[in-house]
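Working notes for the structure below.
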Amino acid sequence: MASLWEYANPVKFMRLSGWLMPVSAWLAAGLIVTGLVWGFFFTEADYRQGATVKIIFLHVPSALMAINAWAMMLIASLIWLVRRHHVSALAAKAAGPIGATMTLIALITGAIWGQPMWGTWWEWDPRLTSFLILFLFYLGYIALWSAIEDADTAADLTAILCLVGSVFAALSRYAALFWNQGLHQGASLSVAPGTRMDWAYKAPLYLCMAGFALLFLALVLAGTRTEIRARRARALLTRERARA
Amino acid sequence: MPDLGTYAAEVTLAYAVSLGLIAALILWSWARARRVKRELAALETRTTRG
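Taken in order, these protein sequences are the chains called Y and C.
Those letters in the first sequence? Residues 133 to 376, by our numbering.
Those letters in the second sequence? Residues 63 to 112, by our numbering.
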């Protein structure tokens with residue numbers, strides 16, 4: 133079996149992602165469309181939340197991907213710092229805007245749901261606040277990549293920022309467990325006995341979660357391919373200028 | 063359309079904003095990929111000729 137490190141080679145990565153990216157994109161589209169159509173059109177309104185329960189099919193998958201995108205960036209950054217594989221640094225860079233968008237969707241859908249349910253768009257609740265800080269970390273991460281000319285220095289500094297931001301990514305995930313005074317409820321899905329959600333909601337939610345995960349994969353692969361090409365273009369341009 | 067009751071505006075807004083953001087992300091990613099690919103192809107042609 134081929135070692136995972138072989139895909140740190142840009143040529144091998146381009147070959148693998150060349151077919152994996154469209155496959156995951158089409159699977160993501162199928163799962164998201166099915167999950168959202170099912171959730172929006174064919175689920176009943178909840179007896180307490182009314183039709184706002186349908187927002188869960190966007191809010192939970194996007195929040196999940198907001199945290200997992202940062203976790204993926206953390207792993208890729210660690211690989212860069214330890215093994216200096218350029219593809220891993222570029223994959224982390226590609227994941228930044230996707231994670232930021234997912235965090236923004238989670239924040240907006242949470243606010244839209246919170247207004248009628250909690251009576252407020254925003255509350256300085258531990259989970260909401262840590263999610264907002266996570267969003268700011270995403271913006272800082274993207275800005276830092278664009279601010280530094282030298283690609284390796286940018287990869288080093290953004291990797292360190294990613295390590296620091298991981299504290300807030302972990303807080304975003306577990307804040308509701310650490311502090312009990314917040315408005316935000318605990319995990320929507322749990323394997324513990326006595327879980328609250330009915331399968332009528334769980335099934336489309338699982339489809340959406342799988343779809344969002346595959347969408348993230350497809351966009352990271354596409355973004356990494358673009359970054360590899362952009363790096364090659366920069367190298368060619370530098371060589372051309374040196375010759376002139 | 064399903065009956066969204068008194069929360070029709072909230073649910074519709076949540077779906078519109080989220081799908082809009084996802085569509086924007088996909089379009090941005092696609093447009094950037096196309097631009098970079100085109101630029102690299104032009105550079106490669108130029109360097110192989112030169």
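A virtual CB, placed ideally from N, CA and C, is assigned to each residue, including glycine.
Residue i at chain C interface by Cβ criterion, 7 Å
i: LEU349/Y; result: no
i: ILE187/Y; result: yes
i: ARG366/Y; result: no
i: ALA232/Y; result: no
i: PHE267/Y; result: no
i: GLY242/Y; result: no
i: LEU147/Y; result: What sits at residue 147/Y in the sequence shown is Arg, not Leu. Chain C, which has no Cβ nearer than 7 Å to the Cβ of ARG147/Y, makes this no.
i: PHE173/Y; result: yes
i: THR252/Y; result: no
i: PRO336/Y; result: no
i: ARG361/Y; result: yes
i: THR285/Y; result: no
i: THR356/Y; result: no
i: ALA183/Y; result: yes
Cutoff 7 Å: residue i Cβ touching any chain Y Cβ
i: VAL94/C; result: Per the sequence shown, residue 94/C should be read as Arg rather than Val. Judged by the 7 Å Cβ criterion, ARG94/C is in contact with chain Y.
i: GLY67/C; result: yes
i: LEU87/C; result: yes
i: ALA71/C; result: no
i: THR109/C; result: yes
i: ALA76/C; result: yes
Residue burial classification, residue i (beta-carbon count within 10 angstroms, cutoff 16)
i: ALA174/Y; result: For the sequence presented, residue 174/Y should be read as Phe rather than Ala. PHE174/Y should be labelled exposed.
i: PRO154/Y; result: exposed
i: GLY251/Y; result: exposed
i: GLY380/Y; result: Coverage of chain Y is limited to positions 133 through 376, which leaves residue 380/Y absent and any answer about it impossible.
i: ARG373/Y; result: exposed
i: TRP256/Y; result: exposed
i: THR358/Y; result: buried
i: TRP331/Y; result: exposed
i: THR107/C; result: exposed
i: THR233/Y; result: buried
i: THR292/Y; result: The question names Thr, yet the displayed sequence has Ile at residue 292/Y. ILE292/Y should be labelled exposed.
i: THR370/Y; result: exposed
i: ALA103/C; result: exposed
i: ALA85/C; result: exposed
i: SER91/C; result: buried
i: SER156/Y; result: buried
i: VAL185/Y; result: buried
Alpha-carbon to alpha-carbon, residue j and residue i
i: ALA382/Y; j: ASN141/Y; result: Coverage of chain Y is limited to positions 133 through 376, which leaves residue 382/Y absent and any answer about it impossible.
i: LEU89/C; j: MET341/Y; result: 21 Å
i: GLY355/Y; j: TYR333/Y; result: 32 Å
i: ARG216/Y; j: LEU210/Y; result: 9 Å
i: THR235/Y; j: ARG375/Y; result: 45 Å
i: ALA365/Y; j: VAL296/Y; result: 31 Å
i: ALA93/C; j: TYR77/C; result: 24 Å
i: ARG96/C; j: LEU105/C; result: 14 Å
i: TRP254/Y; j: ASP65/C; result: 27 Å
i: ARG361/Y; j: LEU351/Y; result: 15 Å
i: THR68/C; j: ASP284/Y; result: 54 Å
i: ILE187/Y; j: ARG259/Y; result: 18 Å
i: LEU213/Y; j: GLN247/Y; result: 43 Å
i: THR109/C; j: TRP137/Y; result: 31 Å
i: PHE269/Y; j: SER298/Y; result: 9 Å
i: SER262/Y; j: LEU368/Y; result: 42 Å
i: PRO229/Y; j: GLY171/Y; result: 27 Å
i: LEU190/Y; j: GLY231/Y; result: 14 Å
i: LEU239/Y; j: LEU148/Y; result: 34 Å
i: LEU87/C; j: PHE267/Y; result: 16 Å
i: ARG363/Y; j: ALA227/Y; result: 17 Å
i: TRP277/Y; j: CYS294/Y; result: 12 Å
Anticipated Cβ contact below 8 Å, residue i with residue j, distance rounded
i: LEU196/Y; j: LEU353/Y; result: Between LEU353/Y and LEU196/Y the Cβ distance is about 19 Å, and since that is not below 8 Å, they are no contact.
i: SER80/C; j: SER304/Y; result: Contact flag wrong, Cβ pair sits at about 18 Å.
i: ILE244/Y; j: GLU101/C; result: About 40 Å; that fails the 8 Å criterion.
i: ILE199/Y; j: ALA301/Y; result: 5 Å
i: ILE237/Y; j: LEU83/C; result: 6 Å
i: LEU339/Y; j: VAL192/Y; result: Going by Cβ atoms, the distance from LEU339/Y to VAL192/Y rounds to 12 Å, so no, they are not a contact pair.
The segment 153-162 of chain Y contacting the segment 332-349 of chain Y, beta-carbon criterion three pairs below 8 Å: Result yes; three or more Cβ-Cβ pairs closer than 8 Å.
The segment 194-211 of chain Y contacting the segment 166-176 of chain Y, beta-carbon criterion three pairs below 8 Å: The segment 194-211 of chain Y vs the segment 166-176 of chain Y: no contact.
Validate contact between the segment 279-298 of chain Y and the segment 221-239 of chain Y using beta carbons, cut 8 Å, 3 pairs: Taking a contact to require three or more Cβ pairs closer than 8 Å, the segment 279-298 of chain Y and the segment 221-239 of chain Y qualify as touching.
Inter-stretch contact at 8 Å, needing at least 3 Cβ pairs: the segment 171-182 of chain Y / the segment 269-282 of chain Y: No: fewer than three Cβ pairs fall under 8 Å.
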